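Read the structure below first, then the notes.
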Ligand code: NAP
């Protein structure tokens, strides 16, 4: 019987497990996660007000409840936890689905001033990630700048613009709800360094910014006019054309008087964060213009935009994994159809899927074909892998290494605790936001089951 460890329980990990059990009627899969909770970015990245996308958890749940799949949470693989080499001994094959764990930097002066954060830090906070710190993101903030025009930028802009009535029904932790509800942010500038026709957001996400109660939208027609793509819509791929059409519509509407204003800006590249009283006070941008090759060049004209909060939303980045090769330029693990490649040769029994395989692009569904490709490679190798080694009882080995895995009943106990917390606050489900509460809830389910 083939025994496979999948490291990471986000969409790529769960789709890998699903493909394995669908395509091999004997395989047993352990889905291992550093956190006591499954679902990765679906739980800790999808915005709380995106209930429909979040409901994908129900599909992922049926995979993790499959009789040949087991969830092992609160197990760290690598430094400080189970060494990767030991994990490799316990299974016939290991598939790393660990995503892109960090965020990219701008590399400009002032980037580390208090009040300047990555969008990921902000998202982790309102998503109740147990490693997130409550950093007083919104304290004394009147104006916020979001750098980047991808879907994460749209998410954080929307969360900053939403009012308490819309946030309260979500599962966001109480402290984040309280802080966002009390926020005095009046202006939210979302800024792209290139033109509107080159923005990375998808039209569905962009449109949502137009329908937020209490939030007006401002698009400067002069910035649209700078973009040759806007003048020649027929030359654009359909997705980009739709974005420009939406932006053009907004640019024609006179700004309404609203308590909050979302300002969509283009052709401005950040060059410096300026301090004011020991924290960020403004972002200095240089006006750019198209260079005729899809990029932009600086014009030597500068504009300072007031901001007591700066969120850089310029993409994620993969981190090297202990014992695995790593391509630092792309932030991914070198692979051939999902098989890890070491020094030009395929490493038997080691695989990757998801963002650590292909980089931080695409939507959740993109992980399905990506996981399938990896699983087909693995199953091609399966007979050799099964001949090569006899797997050991992973849970006993994990306990011997000091880990106390949170299994499915432990996760279900966390879900019950979150429902009870929400009920006590007069809300729906409210997420537990710290390690202590999560582990206490998980342990209340009783001793982990024997393997
Ligand atoms: P992204 O789509 O790669 O967007 C990154 C943005 O940052 C781009 O506008 C990019 O501009 C800009 N940027 C990069 N370096 C910069 C710099 N030095 N200065 C100024 N701007 C810079 O990344 P993301 O928004 O983090 O999203 C990651 C993935 O998750 C995407 O595939 C996204 O679709 C997905 N996602 C989907 C949803 C959803 O479906 N609802 C929600 C969240 C995330 P250039 O284009 O000029 O490089």
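Numbering (my numbering), first residue to last: 134 to 584.
Glycine is no exception: its CB is placed at the ideal position from the N, C-alpha and C atoms.
It should be emphasised that the depicted structure is a prediction, and the values quoted were computed from it without experimental measurement.
Relative to the alpha-carbon of residue i, which residue among the options has its alpha-carbon at the smallest distance?
i           : options               : result
residue 587 : 516, 246, 195 and 332 : Here the chain has residues from 134 to 584 only, and residue 587 is not among them.
residue 268 : 314, 502, 247 and 287 : 247
residue 575 : 149, 298 and 207      : 207
residue 569 : 252, 264 and 214      : 264
residue 516 : 150, 329, 160 and 403 : 160
residue 447 : 285, 354 and 220      : 285
residue 137 : 560, 512 and 279      : 512
residue 432 : 445, 412 and 404      : 404
residue 561 : 540, 303 and 434      : 303
residue 454 : 573, 232 and 499      : 232
residue 154 : 499, 325, 199 and 482 : 199
residue 426 : 328, 261, 259 and 479 : 328
residue 313 : 301, 571, 527 and 251 : 301
residue 166 : 250, 541, 490 and 514 : 541
residue 544 : 489, 527, 567 and 578 : 578
residue 324 : 280, 144, 294 and 307 : 280
Rounded to the nearest angstrom, what separates residue i and residue j at their Cα positions?
i           : j           : result
residue 497 : residue 335 : 13 Å
residue 282 : residue 472 : 33 Å
residue 345 : residue 157 : 47 Å
residue 354 : residue 385 : 8 Å
residue 583 : residue 507 : With a pLDDT of only 44 at residue 583, under 50, the local geometry of the prediction cannot be trusted, and the value read off the model is given with reservation. Rounded to whole angstroms, residue 583 to residue 507 spans 30 Å at the Cα level.
residue 552 : residue 563 : 6 Å
residue 475 : residue 205 : 28 Å
residue 296 : residue 289 : 13 Å
residue 349 : residue 245 : 30 Å
residue 150 : residue 486 : 11 Å
residue 152 : residue 317 : 47 Å
residue 368 : residue 504 : 34 Å
residue 191 : residue 184 : 12 Å
residue 388 : residue 352 : 9 Å
residue 445 : residue 252 : 6 Å
residue 188 : residue 435 : 44 Å
residue 222 : residue 458 : 18 Å
residue 201 : residue 278 : 47 Å
residue 226 : residue 478 : 17 Å
residue 406 : residue 241 : 8 Å
residue 259 : residue 514 : 42 Å
residue 347 : residue 299 : 11 Å
residue 567 : residue 408 : 32 Å
Which of helix, strand or coil does DSSP assign to residue i?
i           : result
residue 547 : helix
residue 382 : helix
residue 582 : For residue 582, the pLDDT reaches just 48, beneath the cut-off of 50, and the residue's location in the model is therefore unreliable, although a value from the coordinates is still provided. Residue 582: coil per DSSP, three-state reduction.
residue 299 : helix
residue 434 : strand
residue 237 : coil
residue 426 : coil
residue 323 : strand
residue 409 : strand
residue 613 : Lying outside 134 to 584, the shown extent of the chain, residue 613 is not represented and no answer is given.
residue 261 : coil
residue 494 : coil
residue 344 : helix
residue 514 : helix
residue 539 : strand
residue 418 : strand
residue 448 : coil
residue 466 : coil
residue 364 : helix
residue 255 : helix
Taking only heavy atoms of the ligand FAD into account, decide whether any of them is closer than 7 Å to the Cβ of residue i.
i           : result
residue 386 : Absent from the structure shown: the ligand FAD. Ligands present: the ligand NAP.
Does the pairing of the segment 368–386 with the segment 417–425 give three or more beta-carbon distances under 8 Å?
-> The segment 368–386 is not in contact with the segment 417–425.
Any chance the segment 202–218 sits against the segment 536–551, with 3 or more Cβ pairs inside 8 Å?
-> The segment 202–218, when compared against the segment 536–551, does touch it at the 8 Å Cβ threshold.
Can we say the segment 379–395 touches the segment 224–231, given the rule of at least three CB pairs closer than 8 Å?
-> Output reads no: the segment 224–231 does not touch the segment 379–395.
Inspect the CB distances between the segment 434–444 and the segment 407–416 and report whether three or more fall short of 8 Å.
-> Enough Cβ pairs lie closer than 8 Å, so yes.
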